[in-house]
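In short: position in the sequence shown from 1, add 9, done, that's this note's numbering. From the three backbone atoms N, C-alpha and C, an ideal C-beta is built for every residue, glycine too. These figures come from a predicted structure and were not determined experimentally.
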Amino acid sequence: MARRLGLTGWTRNLPDGRVEILAEGEKEKITELIKFCHRGPPLARVKNVEVQWSDYLGESRNFRITR
């Protein structure tokens, strides 16, 4: 979804089952990504979404999945 929205940053699965995302881009697009995170992809079980806003750093050129 982040790629479709033209955002940059990364996402990774954590050992305890949580997913961590750092996304940069237009605030409206970030808000749309957050809404998606509340639902998740098919078969996902979303229990909670925590959001922390910070200043734009421009450190990424694309959106990638890390491990």
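Close beta carbons around residue i, own chain, < 6 Å, minus the five adjacent residues each side
i: residue 66; result: none
i: residue 74; result: 20
i: residue 28; result: 22
i: residue 58; result: 46, 47
Neighbourhood of residue i by C-beta, 8 Å cutoff - its chain only, sequence neighbours within 5 removed
i: residue 49; result: 55
i: residue 60; result: 43
Spatial neighbours of residue i in its chain, beta-carbon cut-off 7 Å, leaving aside the 5 residues before and after
i: residue 12; result: 72
Assumed close pair residue i, residue j - CB separation to whole angstroms, cut-off 8 Å
i: residue 18; j: residue 31; result: 4 Å
i: residue 35; j: residue 69; result: About 14 Å; that fails the 8 Å criterion.
Three-state class that DSSP yields for residue i in the structure shown
i: residue 33; result: strand
i: residue 48; result: helix
i: residue 20; result: strand
Strand pairing of residue i, partner residues [DSSP]
i: residue 70; result: The partner list for residue 70 (beta bridge, DSSP) is empty, contrary to what the question assumes.
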